[in-house]
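Asks: Structure below; questions to follow.
Protein chains: 2
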Amino acid sequence: MKPKSKGKKTLKEYISKERLKSTKQRDVIFDEFFSYPGHHVTTEELYERVKKRSSKIGHSTVYRTLKLFKDCGLAFERNFGDGRTRYEPVKFEGEHHDHLICIECGKISEFKDRRIEHYSKEVARLNDFEVINHKVELYGYCSSCRKSK
Amino acid sequence: MKPKSKGKKTLKEYISKERLKSTKQRDVIFDEFFSYPGHHVTTEELYERVKKRSSKIGHSTVYRTLKLFKDCGLAFERNFGDGRTRYEPVKFEGEHHDHLICIECGKISEFKDRRIEHYSKEVARLNDFEVINHKVELYGYCSSCRKSK
DNA sequence: ATTCATGCAAAATGTTTGCAGCTGT
DNA sequence: ACAGCTGCAAACATTTTGCATGAAT
Numbered sequence: 534m535k536p537k538s539k540g541k542k543t544l545k546e547y548i549s550k551e552r553l554k555s556t557k558q559r560d561v562i563f564d565e566f567f568s569y570p571g572h573h574v575t576t577e578e579l580y581e582r583v584k585k586r587s588s589k590i591g592h593s594t595v596y597r598t599l600k601l602f603k604d605c606g607l608a609f610e611r612n613f614g615d616g617r618t619r620y621e622p623v624k625f626e627g628e629h630h631d632h633l634i635c636i637e638c639g640k641i642s643e644f645k646d647r648r649i650e651h652y653s654k655e656v657a658r659l660n661d662f663e664v665i666n667h668k669v670e671l672y673g674y675c676s677s678c679r680k681s682k
Numbered sequence: 534m535k536p537k538s539k540g541k542k543t544l545k546e547y548i549s550k551e552r553l554k555s556t557k558q559r560d561v562i563f564d565e566f567f568s569y570p571g572h573h574v575t576t577e578e579l580y581e582r583v584k585k586r587s588s589k590i591g592h593s594t595v596y597r598t599l600k601l602f603k604d605c606g607l608a609f610e611r612n613f614g615d616g617r618t619r620y621e622p623v624k625f626e627g628e629h630h631d632h633l634i635c636i637e638c639g640k641i642s643e644f645k646d647r648r649i650e651h652y653s654k655e656v657a658r659l660n661d662f663e664v665i666n667h668k669v670e671l672y673g674y675c676s677s678c679r680k681s682k
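Chains S and L, in that order, are what the protein sequence lines are. Here the first sequence stands for residues 534 to 682, where the numbers follow my numbering. Here the second sequence stands for residues 534 to 682, where the numbers follow my numbering.
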């Protein structure tokens, strides 16, 4: 018997706690979302992928389902300034990564730095603020765009 | 004779360098933008304020002018996830501040931490990335919303 | 049975664009 | 005179909503 992923369990628990319903669509969207190669899917991209498997799904279902994932802590909502909202699966190892965004080619890469996280938490404490999520984004030129400048 | 602010000078220089034109609207928007109490104006808010002084101004002029400010380095474009783009005047002392955003009441407060900036730069260097701008945003509950939970 | 979810299309939102007339250089 | 700017309305893109039907509890 295949064990459920931790994420799927989180979703099912949230659904039953809130008296929502498990549906085929939610499962398909879940699978596509968590198997998406590369993080930061836009809703449109995910919709296109899901549509290939389940062709009569509607746009709104994808929107609503991503909000649901966000509400149950499975996804972060991100916005890198190109007008489209992106969603990123939350990792369960408690890791958090941040982003380098190239303003020339649009490439988004990730990094992780404990010290930045550490000081962020400290700032929050000093401000009597309870941090739920944090973002660190560095905008600039990636190495390949720098070379071709 | 009243001296021009450094910001106004930057704008005028940019305008002449790019062969653009100085207009009444740009001046009014400039004044309102830099005298806005609180940072992070949305375009709509700024439009409303400008309209009070110069009632036949159009929406698009405000949009276009804020982009102009961004292009000449007078403003940062920000997006805190509520669907509206906000603009923030760039300070001339070279300071950079970051944000605490309350997900309950929406309050945005600012902080500044040199260590976070320092490590951000270091990460960039390791990734052969040239940073132009960076964002650190902590999302969570502010002290008053924590109290009333 | 009841309540929630879906898909569709319509509406709402925020932003951009085309263009005729106007303004600054 | 020329090139750029404005205001307006229309276009656009993304996201939300209303509603009749269908599915899960």
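Glycine is no exception: its CB is placed at the ideal position from the N, C-alpha and C atoms.
For a contact defined as C-beta to C-beta under 9 Å, what are the partners of Lys-668(L) on chain S?
Replies: Taking the first residue of the second sequence as position 1, residue 668(L) is located at position 135. Lys-668, Val-669, Glu-670, Leu-671, Tyr-672, listed in chain order.
Asks: Expressed to the nearest angstrom, what Euclidean distance is found between the alpha-carbon atoms of Gln-558(S) and Lys-584(S)?
Replies: Along the first sequence, read from residue 1 onward, the residue named residue 558(S) stands at position 25. Along the first sequence, read from residue 1 onward, the residue named residue 584(S) stands at position 51. Going from the Cα of Gln-558(S) to the Cα of Lys-584(S) covers about 10 Å.
Asks: Kindly give me the distance between the Cβ atoms of Ser-653(S) and Val-669(L), rounded to whole angstroms, as I take these residues to be in contact under 8 Å.
Replies: As a working mapping, residue 653(S) is identified with position 120 in the first sequence. As a working mapping, residue 669(L) is identified with position 136 in the second sequence. The Cβ separation is near 7 Å, so the contact holds.
Asks: Is it right to say Glu-577(L) is buried, meaning 16 or more other beta carbons lie within 10 angstroms of its own, or is it exposed?
Replies: Numbered from 1 along the second sequence, position 44 holds the residue referred to as residue 577(L). That one is exposed.
Asks: Give the secondary structure of Asp-631(L) by DSSP, where H, G and I count as helix, E and B as strand, and everything else as coil.
Replies: On the second sequence, position 98 is the one that residue 631(L) refers to. Strand.
Asks: By alpha-carbon positions, which one of Asn-666(L), Ile-665(L), Pro-622(L), Cys-675(L) ends up nearest to Gly-571(L)?
Replies: If you number the second sequence from 1, residue 571(L) lands on position 38. Per the Cα distances, Pro-622(L).
Asks: Name, please, each residue of chain S whose Cβ falls closer than 9 Å to the Cβ of Val-664(L).
Replies: Your numbering for residue 664(L) matches position 131 in the second sequence. Against chain S, the beta carbon of Val-664(L) has neighbours under 9 Å at Leu-633, Leu-671, Tyr-672, Gly-673, Tyr-674, listed in chain order.
Asks: Please name the residue, chosen from Arg-552(L), Tyr-580(L), Leu-553(L), Leu-544(L), that lies closest to Ser-488(L) on a Cα-to-Cα basis.
Replies: Here chain L has residues from 534 to 682 only, and residue 488(L) is not among them.
Asks: Looking at the structure shown, is Arg-611(S) part of a helix, part of a strand, or coil, going by DSSP?
Replies: The residue given as residue 611(S) occupies position 78 in the first sequence. In the structure shown, Arg-611(S) sits in a strand (DSSP, three-state: E or B).
Asks: Report all residues from its chain with a CB closer than 7 Å to the CB of His-630(L); omit the five preceding and five following residues, and keep chain order.
Replies: The count along the second sequence starts at 1 and reaches residue 630(L) at position 97. Excluding sequence neighbours, His-630(L) sits near Glu-643, Phe-644, Lys-645.
Asks: Could you work out which residues of chain L lie near Ala-657(S), taking near to mean beta carbons separated by less than 8 Å?
Replies: To locate residue 657(S), count along the first sequence from 1; it is residue 124. In chain order: Leu-633, Leu-671, Gly-673.
Asks: Who are the near neighbours of Phe-563(L) in its chain, counting only those whose CB is closer than 7 Å to its CB and skipping five residues on each side?
Replies: Taking the first residue of the second sequence as position 1, residue 563(L) is located at position 30. Contacts found: Lys-541, Leu-544.
Asks: Could you work out which residue in His-667(S), Val-656(S), Cys-605(S) is closest to His-632(S) when comparing CA atoms only?
Replies: Taking the first sequence and counting its residues from 1, one reaches residue 632(S) at position 99. That would be His-667(S), whose Cα lies nearest to the Cα of His-632(S).
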